[in-house]
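Numbering (the working numbering), first residue to last: 2 to 154. Beta carbons: idealized from backbone N, C-alpha and C, even for Gly.
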Amino acid sequence: MVNVLELKVPPLALVFLFGALMWLVSTYSTFTIALPGRSAFALIFYTVGSTIVLAGVLTFRRMKTTVNPLTPEATTTMVTSGIYRFTRNPMYLGFLFILAGWAIDLSNLLAFAFLPLFVWYMNRFQILPEERALASKFSEPFTRYKRSVRRWL
Numbered sequence: 002m003v004n005v006l007e008l009k010v011p012p013l014a015l016v017f018l019f020g021a022l023m024w025l026v027s028t029y030s031t032f033t034i035a036l037p038g039r040s041a042f043a044l045i046f047y048t049v050g051s052t053i054v055l056a057g058v059l060t061f062r063r064m065k066t067t068v069n070p071l072t073p074e075a076t077t078t079m080v081t082s083g084i085y086r087f088t089r090n091p092m093y094l095g096f097l098f099i100l101a102g103w104a105i106d107l108s109n110l111l112a113f114a115f116l117p118l119f120v121w122y123m124n125r126f127q128i129l130p131e132e133r134a135l136a137s138k139f140s141e142p143f144t145r146y147k148r149s150v151r152r153w154l
């Protein structure tokens with residue numbers, strides 16, 4: 002049974018949604034914690050996350066394949082070079098780093114609770130359907146790639 006949420010919500014929209022929810026809970030909860038140097042650490046996470054996202058997008062562009070995460074069946078090339086040698090989902094990994102930076106910035110324990118929820122949602126409703134489409138399109142080469150490169154890190 003295909004779930005109605007599969008490949009329906011653009012991942013960038015999810016980043017904004019999760020970020021807004023993180024802000025909301027941090028605004029109305031008392032689970033604020035003191036994080037020394039939080040601005041510097043948050044900036045590091047924002048920078049690393051943005052760099053990872055950009056590396057993924059540029060590699061896709063270089064290989065002339067679609068960057069649209071809602072239509073994985075439109076993929077023309079299986080990308081395994083560049084950052085894709087280290088992670089199968091660098092754009093989503095970068096988004097996670099950015100959200101982690103936001104949680105650090107907010108300095109609220111409940112904000113951090115949204116990070117595993119983001120990973121779960123992405124795995125279930127975005128990555129698994131993408132992997133099914135890639136397996137259907139690229140068969141054995143994709144299976145080999147899946148065995149050799151981790152989904153996140």
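Assigned secondary structure, residue i (DSSP; H/G/I helix, E/B strand, else coil)
| i | result |
| --- | --- |
| threonine 52 | helix |
| lysine 138 | helix |
| leucine 44 | helix |
| lysine 147 | helix |
| arginine 152 | coil |
| methionine 2 | Confidence at methionine 2 is low in this model, with a pLDDT of 46, below 50, so its placement is unreliable and the value that follows should be read with caution. Coil at methionine 2, not helix or strand. |
N-terminal and C-terminal residue of the alpha helix (DSSP H) that residue i is part of
| i | result |
| --- | --- |
| leucine 13 | 12-29 |
Neighbourhood of residue i by C-beta, 8 Å cutoff - its chain only, sequence neighbours within 5 removed
| i | result |
| --- | --- |
| leucine 36 | Phe42, Ile105 and Ser108 |
| glutamate 12 | A small fix is needed here, since residue 12 is proline in this sequence, not glutamate. Only Pro70, Met92, Tyr93, Phe96, Met123 and Gln127 meet the Cβ criterion. |
| valine 150 | Thr81, Tyr85, Arg86, Phe87, Thr88 and Arg89 |
Identity of the residues DSSP links to residue i by a beta bridge
| i | result |
| --- | --- |
| threonine 33 | Asn109 |
Sequence-distant residues of its chain with Cβ nearer than 7 Å to residue i (five each side left out)
| i | result |
| --- | --- |
| methionine 2 | Residue confidence for methionine 2 is low, a pLDDT of 46 falling below 50, so the modelled location carries little weight and cannot support an answer. |
Residues near residue i in its chain [Cβ-Cβ closer than 6 Å; skip 5 each side]
| i | result |
| --- | --- |
| glycine 20 | Trp103 |
| glycine 83 | Thr60 |
| threonine 78 | Met64 and Thr66 |
Point to revise | Those runs of the alpha helix (DSSP H) which lie wholly inside the region 55-134 and span at least 4 residues | key: Counting whole runs of 4 or more residues, the region 55-134 contains the alpha helix (DSSP H) stretches 91-107 and 110-122.
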